[in-house]
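In what follows, a single structure is set out as structure tokens and then discussed.
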Amino acid sequence: MAWLVLIVAGLLEIVWATGLKYTEGFTRPWPSVITAAAMALSVWLLAVALKTIPIGTGYAVWTGIGAAGTAMMGMWLFGESRDLVRILSILTIVAGIVALKVSTS
39 MAWLVLIVAG
49 LLEIVWATGL
59 KYTEGFTRPW
69 PSVITAAAMA
79 LSVWLLAVAL
89 KTIPIGTGYA
99 VWTGIGAAGT
109 AMMGMWLFGE
119 SRDLVRILSI
129 LTIVAGIVAL
139 KVSTS
């Protein structure tokens, strides 16, 4: 169950990181509220997951999901580069997340 909570926390990190673009420096009220709520919920769920999952593994997986997911959202929503090095870098992050999960008992 802790791993599911951690995955949801990571997905919410994608929401808030992507949401930062829409807040325009927290000058737009609704995007700002949604982004702040996603931030708070993401960190809270991370804390819940870390009751069971080791801190190094949990934090790395959380940030990895957020980093890879946000990079993909940037490509999809904002037309950011889709070059081979970028794709391979995202895949490397995903491979690291999988390896951390497999190596954690």
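Residues in the sequence shown are numbered from 39 upward in steps of one, following this note's numbering. Backbone N, C-alpha and C fix where the C-beta goes; we use that ideal spot for every residue, glycine too.
Excluding sequence positions up to five before and after residue 98, its CB lies within less than 8 Å of the CB of 134, 135, 138, all in the same chain and listed in chain order. In the three-state reduction of the DSSP assignment, residue 39 falls in the coil class, being assigned neither a helical nor a strand state. Taking C-beta atoms under 8 Å as the contact rule, residue 57 and residue 73 qualify, at a distance of about 3 Å. Per the C-alpha coordinates, the member of 105, 45, 55 positioned closest to residue 70 is 55.
Contact between the segment 102 to 111 and the segment 40 to 48 is present, with at least three C-beta pairs closer than 8 Å.
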